[in-house]
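In case it helps, the numbering used here puts the sequence shown at residues 67 to 513. Note sheet for the following structure.
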Amino acid sequence: WLLAGHYGRPGTTNAFVPLLSVSSSKRQQQQPTKAPRPGAFSPVTGAKVIMGLIPCNVIPDEILSEHPKRFRAMLIESANPVHSLADAQRMRAALRALELSVVIDVAMTETARQADYVLPASSQFEKAEATFFNMEFPRNAFHLRQPLFAPRTGTLSEAEIHARLLEALGELGPRDYRLLRGAAKLGGTAFGLAFGWQTSRTPKLRRYASVLLYRTLGTTLLPQRAPAASLWGICQMYVRKEPQAAARAGFGGSPLRAGQRLFDALLSQPSGVVYAVSDYADSWAAVKQPEQKIRLDLDEMLAALEALPPPAPAEADYPFVLSAGERRSDSSNTSVRDAGWHRKGRFGSLRIHPDDAVALGLVDGDWARIHTRRGHADALVELSDEMHLGHVSLPNGQGIDYQDAEGAVQRRGVSLNELTNTEDRDPFAGTPWHKFVPARIEKTVMA
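Right, here's the structure in full:
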């Protein structure tokens with residue numbers, strides 16, 4: 067789309083304005099922009115740290131090492147790397163090798179079962195929560211979802227868990243909350259001025275702004291909506307970083323008051339709020355390269371293209387290409403621990419071209435065993451003309467360990483990352499080659 071000029075115009079790709087940017091750099095609206103600085107590297111493997119993120123496929127290598135700077139502890143929140151990242155076997159070994167592992171999650175996931183401590187969180191229906199996957203243009207919206215049910219006994223919101231951990235560590239306490247709680251009772255302007263004064267006077271508090279807001283401004287909200295207090299800080303940062311887009315959406319004026327109005331709107335409008343209205347020219351202002359030009363001549367990429375070997379024939383031992391993670395009509399998040407979500411088609415079937423199935427002696431509904439270099443799994447066969455010869459696929463997000471009312475654990479479908487390998491990844495960002503997993507297929511009989 068860049069080669070065709072499909073950028074920054076109606077009907078083409080445009081740069082949306084996020085409410086919370088994952089990048090700490092500020093967009094320069096009127097001044098020439100600077101190229102991004104070279105990134106950092108992970109301590110053990112030297113992998114590139116991209117936008118503050120270490121490639122997930124190198125995490126086990128960053129742990130299973132004698133390197134003095136190896137990872138020794140992990141806090142894992144709302145993530146399931148044992149199931150979701152390549153090479154589940156190696157990930158399990160890495161988590162067990164940590165000196166401390168803590169999981170915060172709404173479910174007893176495959177990862178939680180490997181942790182030293184599990185802190186159960188209330189579900190998405192029991193607290194104010196939101197997704198930041200808002201990528202609309204030119205009008206972008208944010209939706210703060212309201213709690214529907216009371217939290218289950220023994221669970222806490224993530225905001226409460228974070229606050230208790232920091233307080234137990236001695237990082238925050240009543241002396242940090244007293245002034246701001248009083249100011250919050252006087253209204254948004256008083257609270258904003260007090261918050262700015264206190265965080266300037268005690269800079270370390272900025273590091274814990276979300277918890278500070280939860281413990282102070284959150285006390286003026288309904289209990290299950292208290293975690294939404296952290297949005298106040300996000301709104302204040304947003305109107306300062308994107309004043310034009312905010313003003314077009316009706317949130318102009320002094321930054322403090324504009325941010326407060328946006329925060330109030332997010333809390334009071336249950337169907338969401340348009341917080342940004344952009345012009346097409348803004349998409350070019352978002353380009354941080356010199357002269358606002360998008361570079362296609364990436365030296366690393368061009369060098370890699372030059373070094374590409376010719377296509378290799380299929381391996382005799384693994385003649386098929388497995389796509390380990392196809393999106394199908396029914397997909398679920400691994401936090402849903404009830405197999406009843408699956409209502410369409412067969413559960414976890416292996417799709418294969420009919421001609422390949424004939425060559426293997428398979429018919430629709432047979433059981434097949436899939437072998438890779440890392441492991442094997444069994445799945446029902448589903449014949450599909452949509453598959454190319456030599457190409458098979460398994461669905462994404464299955465192979466989850468479901469626990470029934472009696473406490474028995476049963477796995478449904480294929481856990482794909484029991485078949486994948488951390489070594490099979492691209493050299494730039496460590497992205498796993500899940501769509502190209504060499505495999506061997508054979509007929510089997512289930513007992």
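Glycine included, each C-beta is placed from N, C-alpha and C at the ideal position. In this text the structure is predicted, and so the values were computed from the model without any measurement.
Other residues of its chain near residue i: CB distance less than 6 Å, five sequence neighbours each side excluded
| i | result |
| --- | --- |
| residue 94 | With a pLDDT of only 35 at residue 94, under the threshold of 50, the placement of this residue in the model should not be trusted; the figure read from the coordinates follows. Answer for residue 94: no residue qualifies. |
| residue 389 | 459, 501 |
| residue 185 | 170, 227 |
| residue 423 | 449 |
Residues of its chain near residue i, where Cβ-Cβ distance is below 8 Å and the 5 sequence neighbours each way are ignored
| i | result |
| --- | --- |
| residue 440 | 153, 155, 484, 485, 486, 487 |
| residue 495 | 114, 116, 121 |
| residue 207 | 200, 338, 339, 340, 341 |
| residue 144 | 170, 171, 172, 187, 224, 401 |
| residue 229 | 238, 277, 280, 281 |
| residue 107 | 113, 114, 115 |
Own chain partners of residue i with C-beta closer than 7 Å, once the 5 adjacent residues on each side are dropped
| i | result |
| --- | --- |
| residue 481 | 149, 154, 465 |
| residue 314 | 343 |
| residue 542 | Absent from the model: residue 542. The displayed extent of the chain is 67 to 513, so no value can be given. |
| residue 203 | 80, 82, 344 |
| residue 201 | 82 |
| residue 97 | Below a pLDDT of 50, predicted positions are generally treated as unreliable, and residue 97, at 40, falls in that range; no measurement from the model is reported. |
| residue 430 | 447, 448, 449 |
Rounded C-alpha distance that separates residue i from residue j
| i | j | result |
| --- | --- | --- |
| residue 338 | residue 213 | 14 Å |
| residue 381 | residue 444 | 21 Å |
| residue 251 | residue 193 | 23 Å |
| residue 478 | residue 413 | 8 Å |
| residue 265 | residue 285 | 19 Å |
| residue 300 | residue 289 | 20 Å |
| residue 99 | residue 434 | Caution applies to residue 99, whose pLDDT of 44 falls short of 50 and renders its modelled position unreliable; the value that the coordinates give is listed next. When rounded, the distance between both Cα atoms is 56 Å. |
| residue 293 | residue 475 | 33 Å |
| residue 274 | residue 383 | 54 Å |
| residue 402 | residue 470 | 13 Å |
| residue 378 | residue 110 | 32 Å |
| residue 72 | residue 311 | 22 Å |
| residue 303 | residue 86 | 8 Å |
| residue 370 | residue 387 | 23 Å |
| residue 220 | residue 135 | 36 Å |
| residue 70 | residue 77 | 13 Å |
| residue 253 | residue 358 | 42 Å |
| residue 421 | residue 512 | 23 Å |
| residue 234 | residue 269 | 20 Å |
| residue 472 | residue 162 | 27 Å |
| residue 510 | residue 373 | 41 Å |
| residue 419 | residue 365 | 40 Å |
Pair within 8 Å by beta-carbon distance, residue i and residue j
| i | j | result |
| --- | --- | --- |
| residue 324 | residue 340 | no |
| residue 176 | residue 467 | yes |
| residue 376 | residue 456 | no |
| residue 243 | residue 281 | yes |
| residue 362 | residue 164 | no |
| residue 160 | residue 141 | no |
| residue 271 | residue 295 | no |
| residue 507 | residue 436 | yes |
| residue 298 | residue 283 | yes |
| residue 139 | residue 166 | yes |
| residue 417 | residue 367 | no |
| residue 168 | residue 187 | no |
| residue 195 | residue 179 | no |
| residue 258 | residue 326 | yes |
| residue 123 | residue 498 | yes |
| residue 317 | residue 332 | no |
Nearest neighbour of residue i, chosen from the options [CA to CA]
| i | options | result |
| --- | --- | --- |
| residue 209 | 359, 326, 416, 198 | 198 |
| residue 447 | 295, 462, 190, 428 | 428 |
| residue 321 | 331, 308, 183 | 308 |
| residue 224 | 190, 256, 246 | 190 |
| residue 137 | 272, 126, 432, 378 | 126 |
| residue 348 | 507, 75, 422 | 75 |
| residue 238 | 133, 276, 211 | 276 |
| residue 217 | 253, 236, 172, 183 | 172 |
| residue 504 | 490, 366, 312 | 490 |
| residue 404 | 174, 167, 119, 220 | 174 |
| residue 128 | 157, 232, 143 | 157 |
| residue 260 | 249, 241, 215, 328 | 249 |
| residue 391 | 133, 415, 406 | 415 |
| residue 267 | 245, 287, 233 | 245 |
Short CB-CB distance (under 8 Å) between residue i and chain D
| i | result |
| --- | --- |
| residue 268 | Absent from the structure: chain D. Only one protein chain is present. |
Inset, instruction - For the segment 174 to 226, list the beta strand (DSSP E) runs that are entirely contained and at least 3 residues long, ordered along the chain. - result: Whole beta strand (DSSP E) segments, 3+ residues: 183 to 186, 205 to 208.
Inset, instruction - Please list the segments of the alpha helix (DSSP H) lying wholly inside the segment 397 to 485, counting only runs of 4 or more residues, in order along the chain. - result: Every alpha helix (DSSP H) of 4 residues or more that sits fully in the segment 397 to 485 is shown, in chain order, as 420 to 426.
Legend entry - Inside the segment 300 to 359 only - alpha helix (DSSP H) runs reaching at least 4 residues: Taking only runs of at least 4 residues, the alpha helix (DSSP H) segments lying wholly in the segment 300 to 359 are 309 to 314, 321 to 334, 348 to 351.
Inset, instruction - Pick out the complete alpha helix (DSSP H) segments inside the segment 219 to 304, 4 residues or longer, and give them in chain order. - result: Counting only runs of 4 or more, we get 224 to 234, 240 to 250, 254 to 267, 275 to 281.
Inset, instruction - For the segment 104 to 167, list the beta strand (DSSP E) runs that are entirely contained and at least 3 residues long, ordered along the chain. - result: Correct list: 139 to 143.
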